[in-house]
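Worksheet: one structure, shown below.
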Amino acid sequence: MLLETHREAIETIVGRYASPRSAVLPLLYLAQDVYGHLSNAAIREVADILALPETAVFEVVGFYTLFYSRPVGTWMLQVCDDVPCCYLGAEELITALKDSLQIKEEETSADGMFTLQRVKCLAACDRAPVLQANLDYVYDVTPDKVEALLKDLQSRAADARRRGVSGRFAEDFAVTEQGAVELVARDAPYQSRQFEVQGPPPPPEPLPPPEVESGQDRAETRRGSPL
Numbered sequence: 031m032l033l034e035t036h037r038e039a040i041e042t043i044v045g046r047y048a049s050p051r052s053a054v055l056p057l058l059y060l061a062q063d064v065y066g067h068l069s070n071a072a073i074r075e076v077a078d079i080l081a082l083p084e085t086a087v088f089e090v091v092g093f094y095t096l097f098y099s100r101p102v103g104t105w106m107l108q109v110c111d112d113v114p115c116c117y118l119g120a121e122e123l124i125t126a127l128k129d130s131l132q133i134k135e136e137e138t139s140a141d142g143m144f145t146l147q148r149v150k151c152l153a154a155c156d157r158a159p160v161l162q163a164n165l166d167y168v169y170d171v172t173p174d175k176v177e178a179l180l181k182d183l184q185s186r187a188a189d190a191r192r193r194g195v196s197g198r199f200a201e202d203f204a205v206t207e208q209g210a211v212e213l214v215a216r217d218a219p220y221q222s223r224q225f226e227v228q229g230p231p232p233p234p235e236p237l238p239p240p241e242v243e244s245g246q247d248r249a250e251t252r253r254g255s256p257l
């Protein structure tokens with residue numbers, strides 16, 4: 031039971047909000063990291079902790095794509111197949127991942143490391159093809175980069191601050207090498223080290239305002255023009 035094993039962490043999260051209802055997302059993330067996925071029993075447990083109707087919590091889980099009702103790999107690989115990514119090779123990328131992992135879409139590799147999923151727009155069309163590995167974006171991914179990417183993810187999976195077993199971090203939690211869930215201070219200098227993800231390029235310098243010619247200027251120009 032979450033309340034028995036993680037009472038201090040739960041009380042810390044719930045205490046941040048004026049209404050316990052607002053803590054539903056971080057507690058669902060915690061439950062998912064602890065149990066590996068959100069079973070019906072886990073969802074009911076969160077509902078009981080927050081004194082919410084079970085239907086309300088089930089609706090939240092059904093709405094967000096970062097929650098899973100079945101076990102997934104340590105790394106959830108989500109490949110965008112919307113128009114820009116598809117045009118620039120998303121299908122070839124998905125095929126390369128399936129071949130390397132010997133799985134189909136929505137399946138998990140035999141070692142439990144990777145789950146492959148096709149998704150719609152990840153809102154990084156300017157860096158297509160785009161793949162999301164847990165919460166990290168990987169840009170400009172082509173089939174020839176797949177093997178190196180998978181090896182890098184495998185090597186990082188043993189990090190003491192790796193992703194939770196569900197493939198997602200709870201709001202302020204990390205899973206240790208021993209499998210324990212520890213509370214990470216909100217102001218801790220912890221950043222994901224899976225990828226050095228660069229943000230979008232800076233906006234271009236604003237254009238100078240157009241020169242507006244007044245009616246008087248135009249009249250003077252016409253008077254000064256040769257016939």
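One point on numbering: in the numbering used here, the residue at position 156 of the sequence shown is 186, and numbering is uninterrupted.
We put the beta carbon where it would ideally sit given N, CA and C, even for glycine.
Bear in mind that the values here come from a model prediction, so they are computed numbers and not experimental data.
Check, Outcome
"Alpha carbon of PRO50 to alpha carbon of ALA126, nearest angstrom", "45 angstroms"
"CB contact flag (TYR40, PRO56, <7 angstroms)", "Per the sequence shown, the amino acid found at residue 40 is Ile instead of Tyr. No; because the gap between Cβ atoms is not below 7 angstroms, this pair is not in contact."
"Span separating the alpha-carbon of ILE133 from that of ASP156", "29 angstroms"
"Outcome for PHE97 when other beta-carbon atoms lying within 10 angstroms are tallied against a minimum of 16", "buried"
"Environment of PRO238 [buried if 16+ CB atoms lie within 10 Å]", "exposed"
"Straight-line Cα distance separating ASP174 from TYR94", "31 angstroms"
"Three-pair Cβ contact test at 8 angstroms for the stretch 141-156 versus the stretch 101-121", "yes"
"Alpha-carbon spacing of CYS151 relative to LEU68, whole angstroms", "24 angstroms"
"One or two residues paired with LEU107 in a DSSP bridge", "LEU146, ALA163"
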